[in-house]
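A.B. asks:
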Amino acid sequence: MSVDTHKETRQFQTEVSQLLHLMINALYSNKEIFLRELISNAADACDKLRFEALSDDALMEGEGELGIQVEYDKDTRTVTVRDNGIGMSRDDVINNIGTIAHSGTREFLSRLTGDQKKDAHLIGQFGVGFYSSFIVADRVTLTTRRAGMGAEHGVRWESDGSGEFTVETVEKAGRGTEVVLHLKKDEDEFLDEFRLRHIITRYSDHIPLPIAMRKRDDDGKALDEWETVNRASALWTRSKSDISDEEYKEFYKHVAHDFEEPLTWTHNRVEGRQEYTSLLYIPKRAPFDLWDRDRRHGIKLYVQRVFIMDDAEQLMPTYLRFVRGVVDSNDLPLNISREILQNNRLIDGVRSGSVKKVLGLLEDLAKKDPEEYQTFWDAFGRVLKEGPAEDYANREQIGRLLRFASTHTGEATQNVSLADYIGRMKEGQDTIYYITADSHTAALHSPHLEVFRKRGIEVLLLSDRVDEWLVSHLHEFEGKSLKSVAKGDLDLGDTETEEEKKAQQEAEEQVKDLLPRIQEALGERVKEVKFSHRLTDSPACIVLSEDEMALYMQQLLKQAGQNLPDTKPVLEVNPTHRLIQRMGEETDEARFKDWSSLLLDQAVLAEGGQLEDPAGFVKRLNTLITHG
1 MSVDTHKETR QFQTEVSQLL HLMINALYSN KEIFLRELIS NAADACDKLR
51 FEALSDDALM EGEGELGIQV EYDKDTRTVT VRDNGIGMSR DDVINNIGTI
101 AHSGTREFLS RLTGDQKKDA HLIGQFGVGF YSSFIVADRV TLTTRRAGMG
151 AEHGVRWESD GSGEFTVETV EKAGRGTEVV LHLKKDEDEF LDEFRLRHII
201 TRYSDHIPLP IAMRKRDDDG KALDEWETVN RASALWTRSK SDISDEEYKE
251 FYKHVAHDFE EPLTWTHNRV EGRQEYTSLL YIPKRAPFDL WDRDRRHGIK
301 LYVQRVFIMD DAEQLMPTYL RFVRGVVDSN DLPLNISREI LQNNRLIDGV
351 RSGSVKKVLG LLEDLAKKDP EEYQTFWDAF GRVLKEGPAE DYANREQIGR
401 LLRFASTHTG EATQNVSLAD YIGRMKEGQD TIYYITADSH TAALHSPHLE
451 VFRKRGIEVL LLSDRVDEWL VSHLHEFEGK SLKSVAKGDL DLGDTETEEE
501 KKAQQEAEEQ VKDLLPRIQE ALGERVKEVK FSHRLTDSPA CIVLSEDEMA
551 LYMQQLLKQA GQNLPDTKPV LEVNPTHRLI QRMGEETDEA RFKDWSSLLL
601 DQAVLAEGGQ LEDPAGFVKR LNTLITHG
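This is how it looks when you write it as structure tokens:
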């Protein structure tokens, strides 16, 4: 078989060039992280080989000890990181280095501000990885070979980070990857043994693989002997009392490939019918691809400290996809596959226990540090709102974690819990009221809130796209039902006084002949026309049935190509409003029909819907204003 040995020059993907430029400038004050990132990548490569070798022992090529080596050379001014992990083929190198295949990359880059301090956080949120090498190096040479392929299938990749890279096929005897950094002229600090050892023990002490450096004689000359620099024991297997907060934080950065510290974490050892250890973290910021529900990279699964797989989706439900960490089981077989994971009683137990730990951790955070919980909610609240639909068993606990905007404050910040709401309910009120809308402003100014404002009844303002999904599955909380103020019949129970009921009846009596006239004028456009008990200032509003989606959501789904059943709204009119009373005096049927259409169109617009005939609406409005 012939091997393609030619050397080719390729261009970096545009996004990579942008990221490199920003990274080199924004992260320069913390440039030592390049070593942490390269060691993390090397550890991942070793983990992947160990997993693949469970089903194909030949991949180990007779060398079973996995490890990482770090060395430096003052004469050539290089720092080298090598591993004997899974390695890469030529195609792997081209696909993985020089391109960023993540969905959402362009959107991520568009959020960069040019403020180096702010951009440093965003870059950390994206993941630094291999490209951090160019913070300290003006040339990087990577040589690699995929485990199981012949020595003639080695690949060398090289670039100065300016926009191009070369790839060529070379001979490489051992499997794995070697990265050589040719340091910039002012980076001599990384040619010092104590400096490199300090970085390794600070950032990578927890990695359960030996990280070795060459021993040196009294003159500093490198010897052919190697010694392990890190502790090389799985951090999660140690006693919690033996682990410092700093070690927990550095392990998080390794396992999550995050630049920032975590918000909080929980470390647990379960014994009894099942034995497993979990170390689970809540990040401080949302990753850029949080809304890609198919992209799962949160939990690493180990069996007896042997890495099995990354992104083990069976260990954490989708609504907790932001959780990072490890689970190490003593009961699962080493040769477990994804298929076995899907229907495994032990895995179900681990998942259930891990979910309880995460939800409990969040509840504790909300009670002990509301400000930190608000940080969490601002980053991940919309994802957690998917929970009641996905996790029926924990619906009540998830409900306690939810936060909303409310008419109590009027602010857009979502900081009102359902328990807060219940604590402020009026005497005689037994329902949690809410409204969904396309924006906070639209919700806050909805005509449906008028009677609630008049009576001082709080309404939750829901304006996230996921909210319609949430309330369709969260029907009650602590025995109180949730009800939309814009759907179905409105019964405010004992909150309505006898005087208010009498005034409403008198107003309806004055224009009682109006309803059939409006119904006839609108014909098939509405299901029914009725008097409203919701309105105090507006002439009319649209009311949907309990099981219908809000108009703005219907519009979004239609624009996305979804076929929705045709439904007709109920038009409620306010008998006390001057416009309604004026319509009752209208004798010209053509003008009355225009008034009726205008009334319906206004109500549709107020609900975030779109008009079927905007030009007709404008024409009728102008005619009626002119007729004035």
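In full-length UniProt numbering, the protein residues as written are 1 to 628. The beta carbon of each residue, even a glycine, is placed where N, CA and C say it ideally should be.
1) Go through its chain and collect everything with a Cβ distance to Asn41's Cβ below 7 angstroms, but skip five positions before and after it.
2) In this structure, how does DSSP classify His475 when only helix, strand and coil are distinguished?
3) Hey, could you find the ends of the beta strand (DSSP E) Ala443 is sitting in?
4) Evaluate contact between the stretch 214 to 227 and the stretch 166 to 180, counting only Cβ atoms and requiring at least three cross-stretch pairs below 8 angstroms.
5) Rank Val229, Tyr203 and Ser354 by C-alpha distance to the C-alpha of Tyr276 and give the top, closest one.
6) Just list the residues that DSSP pairs Met213 with in beta bridges.
7) Going by DSSP in three states, Val529 sits in which element: helix, strand or coil?
8) Taking Ser408 and Arg424 to be in contact with their CB atoms under 8 angstroms, please state how far apart those CB atoms are, rounded to whole angstroms.
9) From this set, Leu320, Gly298 and Gln304, which residue's C-alpha is nearest Asp310's C-alpha?
10) Could you give the first and the last residue of the continuous beta strand (DSSP E) run that contains Arg10?
11) Just the C-alpha distance for Glu193 and Glu247, rounded to the nearest angstrom, thanks.
12) Would you kindly work out how many angstroms separate the C-alpha atoms of Lys480 and Pro333, rounded to a whole number?
13) Among residues of its own chain, excluding the 5 on either side of Arg269, which ones have a beta-carbon nearer than 6 angstroms to its beta-carbon?
14) Which of the three DSSP states, helix, strand or coil, is assigned to Leu402?
15) Can you tell me whether Gly608 is helix, strand or coil according to DSSP?
16) Quick one: measure Cβ to Cβ for Glu8 and Val167, integer angstroms, because I've assumed they're closer than 8 angstroms.
17) Would you grab the beta carbon distance between Pro388 and Leu470 for me? Rounded to a whole angstrom, and I think it's under 8 angstroms.
18) Are the CB atoms of Phe190 and Val358 nearer to each other than 8 angstroms?
19) Secondary structure at His182, three-state DSSP: helix, strand or coil?
20) Grouping DSSP H, G and I as helix and E and B as strand, with all else coil, what is Arg77?
21) Give the DSSP-derived three-state secondary structure of Lys502 in the structure shown.
22) Leaving aside the five residues before and after Asp547 along the sequence, list all residues of the same chain whose C-beta is less than 8 angstroms from its C-beta, in chain order.
23) In the DSSP assignment, what are the bridge partners of Phe165?
24) So for Leu492, helix, strand or coil by DSSP?
25) Taking all protein chains shown into account, do 16 or more other C-beta atoms lie within 10 angstroms of the C-beta of Val618, making it buried, or fewer, making it exposed?
26) Give me, in chain order, the residues of the same chain whose beta-carbon lies closer than 7 angstroms to that of Arg582; leave out the 5 immediate sequence neighbours on both sides.
27) Should Glu250 go down as buried or exposed, given a rule of 16 or more other Cβ atoms within 10 Å for buried?
28) According to DSSP, simplified to helix, strand and coil, what is Ile68?
29) Could you check the C-alpha separation between Ser545 and Val255 for me, to the nearest Å?
30) To which residues of the same chain is Tyr72 closer than 6 angstroms at the C-beta, ignoring the five residues directly before and after it?
31) By Cβ distance, which residues of its chain are closer than 6 angstroms to Ser329, with the 5 residues on each side in sequence left out?
32) Can you give me the C-alpha to C-alpha distance between Glu260 and His448, rounded to a whole angstrom?
33) In this structure, what does DSSP give as the bridge partners for Tyr276?
34) With distances taken from CA atoms, which of Leu535, Glu586, Gly561 and Gly428 is nearest Leu571?
35) By how many angstroms is the C-alpha of Leu402 removed from the C-alpha of Asp369?
36) Which residues in the same chain have their Cβ closer than 8 angstroms to the Cβ of Lys74, if we skip the five residues on either side of it in sequence?
C.D. replies: On the basis of the supplied data:
1) Result list for Asn41: Gly129 and Phe130, in chain order.
2) Here His475 sits in coil by DSSP.
3) Where Ala443 is concerned, there is no enclosing beta strand (DSSP E), although the alpha helix (DSSP H) around it starts and stops at His440 to Leu444.
4) Touching, no.
5) Ranked by how close their Cα comes to the Cα of Tyr276, the residues Val229, Tyr203 and Ser354 have Ser354 in first place.
6) Per DSSP, Glu227.
7) Val529 falls in the strand class under three-state DSSP.
8) Reading the sequence as shown, one finds His at residue 408 and not Ser. Taking a contact as a CB-CB distance under 8 angstroms, the pair His408 and Arg424 counts as one, their CB atoms being some 7 angstroms apart.
9) For the residues Leu320, Gly298 and Gln304, the minimum Cα distance to Asp310 belongs to Gly298.
10) For Arg10, the enclosing beta strand (DSSP E) begins and ends at Glu8 to Gln11.
11) Cα-Cα distance, rounded: 22 angstroms.
12) C-alpha separation (whole angstroms): 46 angstroms.
13) These residues qualify, in order along the chain: Thr277.
14) Coil, per DSSP.
15) Here Gly608 sits in coil by DSSP.
16) The beta-carbon separation of Glu8 and Val167, rounded to 6 angstroms, stays under the 8 angstroms limit for a contact.
17) The C-beta distance from Pro388 to Leu470 rounds to 6 angstroms, short enough to meet the 8 angstroms contact threshold.
18) No, the pair does not count as a contact, with Cβ atoms beyond the cut-off.
19) His182 falls in the strand class under three-state DSSP.
20) Of the three classes helix, strand and coil, the one that applies to Arg77 here is coil, per DSSP.
21) DSSP places Lys502 in the helix class (H, G or I) of the three-state scheme.
22) None.
23) Answer is Arg10, bridged to Phe165.
24) When secondary structure is reduced to three states using DSSP, Leu492 falls in the coil class, being assigned neither helix nor strand.
25) Counting the other CB atoms within 10 Å of its CB gives Val618 a total below 16, which places it among the exposed residues.
26) Apart from the 5 residues on each side of it in sequence, Arg582 has no Cβ closer than 7 angstroms to any other Cβ in its chain.
27) Around the beta carbon of Glu250, 16 or more other beta carbons lie within 10 angstroms, which makes this residue buried.
28) In this structure, DSSP gives Ile68 an extended state, which the three-state scheme calls strand.
29) CA-to-CA, the gap between Ser545 and Val255 works out to about 48 angstroms.
30) Excluding sequence neighbours, Tyr72 sits near Val79 and Leu191.
31) Closer than 6 angstroms at Cβ, skipping near neighbours: Tyr276 and Val303.
32) Glu260 and His448: Cα-Cα distance of roughly 44 angstroms.
33) Answer by DSSP bridge pairing, in chain order: Val270 and Ser329.
34) It is Leu535 whose Cα lies nearest to the Cα of Leu571.
35) Using only the alpha carbons, I get a separation of about 15 angstroms.
36) If we look at Lys74 and ignore the five residues flanking it on each side, its Cβ neighbours are Leu191.
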